[in-house]
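Trainee: Those protein sequences? They're chains A and B, same order as listed. Going by the numbering used here, the first residue of the first sequence is number 29, and it counts up by one from there. Going by the numbering used here, the first residue of the second sequence is number 29, and it counts up by one from there. Questions regarding the structure given below will be posed in turn.
2 protein chains.
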Amino acid sequence: MAESPPLLDPVQLGAYFALIEVVDLLRHAIEQQLREAGDLSYVQFQLLARLNGAPEGSHRMTDLADGVVYSRSGLTYQAGLLEKAGLVTRAPSPEDERSVTVTITDAGRERVQRVLPGHAEVVSRMLFQPLSGKDVETLAGLLQPVREHMRSTPPRSAARRRRR
Amino acid sequence: MAESPPLLDPVQLGAYFALIEVVDLLRHAIEQQLREAGDLSYVQFQLLARLNGAPEGSHRMTDLADGVVYSRSGLTYQAGLLEKAGLVTRAPSPEDERSVTVTITDAGRERVQRVLPGHAEVVSRMLFQPLSGKDVETLAGLLQPVREHMRSTPPRSAARRRRR
DNA sequence: ACCAGGTGCTTCGAACTCGAAGCACAAGGA
DNA sequence: TCCTTGTGCTTCGAGTTCGAAGCACCTGGT
Numbered sequence: 029m030a031e032s033p034p035l036l037d038p039v040q041l042g043a044y045f046a047l048i049e050v051v052d053l054l055r056h057a058i059e060q061q062l063r064e065a066g067d068l069s070y071v072q073f074q075l076l077a078r079l080n081g082a083p084e085g086s087h088r089m090t091d092l093a094d095g096v097v098y099s100r101s102g103l104t105y106q107a108g109l110l111e112k113a114g115l116v117t118r119a120p121s122p123e124d125e126r127s128v129t130v131t132i133t134d135a136g137r138e139r140v141q142r143v144l145p146g147h148a149e150v151v152s153r154m155l156f157q158p159l160s161g162k163d164v165e166t167l168a169g170l171l172q173p174v175r176e177h178m179r180s181t182p183p184r185s186a187a188r189r190r191r192r
Numbered sequence: 029m030a031e032s033p034p035l036l037d038p039v040q041l042g043a044y045f046a047l048i049e050v051v052d053l054l055r056h057a058i059e060q061q062l063r064e065a066g067d068l069s070y071v072q073f074q075l076l077a078r079l080n081g082a083p084e085g086s087h088r089m090t091d092l093a094d095g096v097v098y099s100r101s102g103l104t105y106q107a108g109l110l111e112k113a114g115l116v117t118r119a120p121s122p123e124d125e126r127s128v129t130v131t132i133t134d135a136g137r138e139r140v141q142r143v144l145p146g147h148a149e150v151v152s153r154m155l156f157q158p159l160s161g162k163d164v165e166t167l168a169g170l171l172q173p174v175r176e177h178m179r180s181t182p183p184r185s186a187a188r189r190r191r192r
């Protein structure tokens, strides 16, 4: 039987490894900055930022979990921490008694504002410093379709919950 | 006082968010595949792959930790698991009594070979499907300098260990 | 009106992660 | 030689993560 050709050529491998490594290093740097500047984990920051940008400053738990790449149970845990810290409130939704509406508080908005400059600074310095404006546009243009592709493609052997 | 301009423009924000999200989604998919195909976590796979590619099939702990973005203690833990699973052996280095040399076993190599095709398939399908060959080259070309930049730039307020 | 299946969230247990502290060896100057 | 400092790894404790299971509510068909 013939040797099946490698599914990834060297260029692809390089892109793949670089992608993973770049994001790992970036995340570490960001996490450290957020911890020092505002005692937030990256997930917590993402949640607050998302709420801060929402029309009413609130979202359902599920929408939050879908937005961030995160498990439901993990979200419950983090939402609990944020609530305990007074950065967020949780209340059952009026329309659907099952769902919980998470709303950012003033303290939460302040916290986001507090860490935001440092956050932007880290991203700018670590990620964008070696890239020209043109490069960034190109990068964004390449990643956007990939993002959409991944979002639209179900996890193959998917079954968020056992389907009948 | 004047409003300080945002440190990140919309295009940069888009690139940044897409980058993070793409890698998060990719990692999840990969992790699931590795777990199903070979009962490996992503870190374990990375470690085995690195050892598999090494000249002697071995590395010192520190070199492994530096290669992967990972804490020392975490590496000790994972190396322990891999050893327990018989995929790797650990032995004190002959030259330096302090350091530990990790070596991949035949079973370890087999395991890598077993999961590799599926791994490549997932990466290919999720990441590269929406990209042309030219796109991939461009992406690799953009990320390479960023990777080097991050690697060479120390964590700013760095001090891996308390410096005097 | 019932009730079977679906959905939203939480709880639970097990596993993983990290940094700080600790141990042992190494290296280099007094 | 000693002894101070540095390095390689492990241990420890606390915090975080996930999936499976569980509970409550909602929906649509009969």
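We treat Cβ as the ideally placed atom computed from N, Cα and C, and that holds for glycine. The structure presented is a predicted model; accordingly, all values stated were derived computationally and were not measured.
In whole angstroms, what is the alpha-carbon distance linking B/Gln172 and A/Lys162?
Mentor: Approximately 16 angstroms, taken between the alpha carbons.
Trainee: Applying the 10 Å Cβ sphere with the 16-neighbour rule, what's the burial state of A/Tyr44?
Mentor: Its Cβ being crowded by 16 or more others within 10 Å, A/Tyr44 is buried.
Trainee: Check whether the Cβ atoms of B/Leu79 and B/Gly85 sit closer than 8 angstroms, and answer yes or no.
Mentor: It is a contact, given that the beta carbons lie within the stated cut-off.
Trainee: For B/Thr133, which residues from the same chain have a beta carbon less than 7 angstroms from its beta carbon, with the 5 sequence-adjacent residues on both sides left out?
Mentor: For B/Thr133, where only same-chain residues beyond five positions count, the Cβ hits under 7 angstroms are Gly114, Leu115, Val116 and Thr117.
Trainee: With distances taken from CA atoms, which of A/Ala57, A/Arg63, A/Gln72 and A/Thr90 is nearest A/Arg153?
Mentor: Closest option to A/Arg153, Cα to Cα, is A/Ala57.
Trainee: How about B/Leu62 and B/Val143: do their beta carbons lie closer than 8 angstroms?
Mentor: It is a contact, given that the beta carbons lie within the stated cut-off.
Trainee: Using a 10 Å radius around the Cβ and a threshold of 16 neighbouring Cβ atoms, would you call A/Ala46 buried or exposed?
Mentor: Answer is buried; the Cβ neighbour count reaches 16.
Trainee: From B/Asp124 to A/Ala135, what distance separates their C-alpha atoms?
Mentor: Those two C-alpha atoms are separated by around 53 angstroms.
Trainee: How many whole angstroms separate the CB atoms of A/Ala168 and B/Gly42, which I take to be in contact at a CB cut-off of 8 angstroms?
Mentor: That belief holds up - the Cβ atoms of A/Ala168 and B/Gly42 are roughly 5 angstroms apart, short of 8 angstroms.
Trainee: Could you tell me the distance, in whole angstroms, from the CA atom of A/Thr166 to the CA atom of B/Val51?
Mentor: One C-alpha to the other measures close to 17 angstroms.
Trainee: Could you work out which residues of chain B lie near A/Tyr44, taking near to mean beta carbons separated by less than 7 angstroms?
Mentor: By Cβ distance, chain B contributes Val151 and Leu155.
Trainee: Going by Cα to Cα distance, which pick from A/Arg179, A/Val151, A/Met178 and A/Arg175 is closest to B/Leu36?
Mentor: When each option's Cα is compared against that of B/Leu36, the closest is A/Val151.
Trainee: Can you check whether the CB of A/Tyr98 is closer than 8 angstroms to the CB of A/Val128?
Mentor: No, the Cβ-Cβ distance between A/Val128 and A/Tyr98 is not below 8 angstroms.
Trainee: Using 8 angstroms for Cβ pairs, my map puts B/Leu170 next to A/Leu159. What's the rounded Cβ distance?
Mentor: Right, their Cβ atoms sit about 7 angstroms apart.
Trainee: Tell me whether B/Glu138 is buried or exposed, calling it buried when 16 or more other Cβ atoms sit within 10 Å of its Cβ.
Mentor: B/Glu138 should be labelled exposed.
Trainee: Tell me, please, which residues DSSP counts as bridged to A/Val116.
Mentor: Answer is A/Ile132, bridged to A/Val116.
Trainee: I need the straight-line Cα distance from B/Gln40 to B/Val164, nearest angstrom please.
Mentor: Each residue's Cα considered, the two are about 20 angstroms apart.
Trainee: Hey, how far is the Cα of A/Ser69 from the Cα of B/Pro120?
Mentor: Distance between the alpha carbons of A/Ser69 and B/Pro120 is about 37 angstroms.
Trainee: Taking 8 angstroms as the CB-CB limit, is B/Glu49 close to chain A?
Mentor: It does; some Cβ of chain A falls within 8 angstroms.
Trainee: Please report how far the alpha carbon of B/Ala82 lies from the alpha carbon of B/His177, in whole angstroms.
Mentor: So the two alpha carbons sit approximately 25 angstroms from each other.
Trainee: Looking at the secondary structure, which residues open and close the alpha helix (DSSP H) in which B/Ser152 lies?
Mentor: Here B/Ser152 belongs to no alpha helix (DSSP H), and DSSP marks it neither H nor E.
Trainee: If you compare alpha carbons, which of B/Glu49, B/Gly108 and B/Ala148 is closest to B/Thr131?
Mentor: Closest by alpha carbon: B/Gly108.
Trainee: So with Cβ pairs under 8 angstroms, would you call B/Glu59 a contact of chain A?
Mentor: Cβ-Cβ to chain A under 8 angstroms: no for B/Glu59.
Trainee: Sort B/Thr90, B/Gly95, B/Gly66 and B/Tyr105 by Cα distance to B/Arg126 and report the nearest one.
Mentor: The option with the nearest alpha carbon to B/Arg126 is B/Thr90.
Trainee: Whose Cβ in chain A lies nearer than 7 angstroms to the Cβ of B/His56?
Mentor: Simply Val97.
Trainee: With a threshold of 8 angstroms between beta carbons, is A/Pro120 in contact with chain B?
Mentor: Chain B, which has no Cβ nearer than 8 angstroms to the Cβ of A/Pro120, makes this no.
Trainee: Who are the neighbours of B/Asp163 on chain A, taking C-beta pairs under 8 angstroms?
Mentor: Those are Leu170, listed as they occur along chain A.
Trainee: Taking Cβ to Cβ, would you say A/Glu49 is nearer than 8 angstroms to B/Arg175?
Mentor: Contact flag set, yes.
Trainee: Give a yes or no on whether 8 angstroms exceeds the smallest Cβ distance from B/Leu79 to chain A.
Mentor: Not one chain A Cβ lies under 8 angstroms of B/Leu79.
Trainee: Tell me, please, which residues DSSP counts as bridged to B/His147.
Mentor: B/His147 pairs with nothing; no bridge assigned.
Trainee: For chain A, is any of its Cβ atoms less than 8 angstroms away from the one on B/Asp52?
Mentor: For B/Asp52, the answer is yes, since a Cβ of chain A falls inside 8 angstroms of its Cβ.
Trainee: B/Ser86 lies in the beta strand (DSSP E); which residues open and close that run?
Mentor: From DSSP, the beta strand (DSSP E) with B/Ser86 extends over Ser86 to Arg88.
Trainee: Check the Cβ-Cβ distances between A/Met178 and every residue of chain B, and say whether any is below 8 angstroms.
Mentor: So, interface residue.
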